[in-house]
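Every position in the sequence shown, counted from 1, becomes a number in our numbering once 803 is added. Backbone N, C-alpha and C fix where the C-beta goes; we use that ideal spot for every residue, glycine too. Quick notes on the structure that follows.
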Amino acid sequence: MHMTSWEKVCLPKSYGGIDFKEGSKWNPAMISKYVWEIMEKKDLLWVKWVNLIYLKDESFWSYNQKPDTSCSLLIQNRDPYSKAIWSFLSLPKHQFILWQIVNSHLLTRDNLSKFHIPLESRNCPVCEDHLESHDHLFFSCAFSRRVADRTFEWLGNNTWPVRNRCIFDNCSRSDLSIC
């Protein structure tokens, strides 16, 4: 089950996507590159082959294209988390999970219920007190909060809940300075 649109997945990593190439846009760009190489008669084997077999020393523009020939010519807001998500220090599996977290696309119980998937309970399986949602899981679940507090205490940083809430709510830099 996927909750992310294809358009979002195709965005560059720095814009919040996974950087998949969207074929309908990538294909014309690559064909344009190939056309340029043919017109410039680059010293490449495939260019020589195209010129010999198809163009027969004619201009590219005077070539009569056959119907079965594939040759058609031809800013989003930057994601503030992209460097953290796509860091070379993290594993691809962790990068993908973090990308899902930042985009609120984890398959939490509230998200599963949007797809009418039958569940015994929609409550958090850890604390069993509240509806399991992205926000609950990362910010208000008592158990998750205790684990995170102890982890950050061990690491020597106790300001993470306020700082993270500021970041997720797109606070200004001056708001972050108090954290």
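Using three-state DSSP, classify Asn926 as helix, strand or coil.
Position 123 of the sequence shown, counting from 1, holds the residue named residue 926. It is a strand residue.
Please list the terminal residues of the continuous alpha helix (DSSP H) segment that includes Phe899.
Indexing the sequence shown from 1 puts residue 899 at position 96. 895-905 is the span of the alpha helix (DSSP H), which, as asked, contains Phe899.
Compare the beta carbon distance of Asp860 and Asn854 with 8 Å and say whether it is the shorter of the two.
The sequence position of residue 860 within the sequence shown is 57, counting from 1. The sequence position of residue 854 within the sequence shown is 51, counting from 1. Taking 8 Å as the Cβ cut-off, Asp860 and Asn854 qualify as a contacting pair.
What first and last residue would you give for the alpha helix (DSSP H) that runs through Glu840?
Translated into the one-based positions of the sequence shown, residue 840 becomes position 37. Looking at the DSSP string, the run of the alpha helix (DSSP H) that includes Glu840 is 826-842.
How would you write the range of the alpha helix (DSSP H) that Ser916 sits in, first residue to last?
Stepping through the sequence shown from its first residue, residue 916 is reached at position 113. Ser916 -> alpha helix (DSSP H) spans 912-917.
Terminal residues of the continuous alpha helix (DSSP H) containing Ile888?
Walking along the sequence shown from the start, residue 888 turns up at place 85. Segment 885-888, the alpha helix (DSSP H) holding Ile888.
Tell me, which residues are paired with Leu934 by DSSP?
Mapped onto the sequence shown, residue 934 falls at position 131. Leu934 is bridged to Asn926.
Which residue wins for smallest C-alpha separation from Ile821, given the options Tyr857, Ser808, Asn830?
For the purposes of this step, residue 821 is taken as the residue at position 18 of the sequence shown. Looking at the Cα atoms, Ser808 is the closest of the given residues.
Would you tell me roughly how many angstroms separate the C-alpha atoms of Pro986 and Leu894, rounded to the nearest one?
Shown here, the chain extends from 804 to 982; a query on residue 986 therefore has no answer.
Are the region 911-931 and the region 953-960 touching, with three or more C-beta to C-beta distances below 8 Å?
Segments in contact, no.
Between the alpha carbons of His939 and His933, how many angstroms are there, rounded?
Counting from one through the sequence shown, the residue named residue 939 turns up at place 136. Counting from one through the sequence shown, the residue named residue 933 turns up at place 130. Distance between the alpha carbons of His939 and His933: 8 Å.
How would you write the range of the alpha helix (DSSP H) that Phe946 sits in, first residue to last?
What you label residue 946 is simply residue 143 of the sequence shown in a count that begins at 1. 945-958 is the span of the alpha helix (DSSP H), which, as asked, contains Phe946.
When you compare the CB positions of His937 and Leu909, do they come within less than 8 Å of one another, or not?
In the sequence shown, counting from the first residue as 1, residue 937 sits at position 134. In the sequence shown, counting from the first residue as 1, residue 909 sits at position 106. It is a contact, given that the beta carbons lie within the stated cut-off.
Let's see if you can read the secondary structure: which residues bound the alpha helix (DSSP H) around Leu848?
On the sequence shown, residue 848 is found 45 positions in, with the first residue counted as 1. Segment 848-853, the alpha helix (DSSP H) holding Leu848.
Leu876 to Glu840, Cα distance in whole Å?
Reading the sequence shown from its first residue, position 73 is the one you call residue 876. Reading the sequence shown from its first residue, position 37 is the one you call residue 840. Confidence at Leu876 is low in this model, with a pLDDT of 36, below 50, so its placement is unreliable and the value that follows should be read with caution. Looking at the two C-alpha atoms, the distance is approximately 14 Å.
Alpha carbon to alpha carbon, what distance is there between Val812 and Tyr818?
Here residue 818 refers to the residue found at position 15 when the sequence shown is read from its first residue. Here residue 812 refers to the residue found at position 9 when the sequence shown is read from its first residue. Computed Cα separation, rounded: 10 Å.
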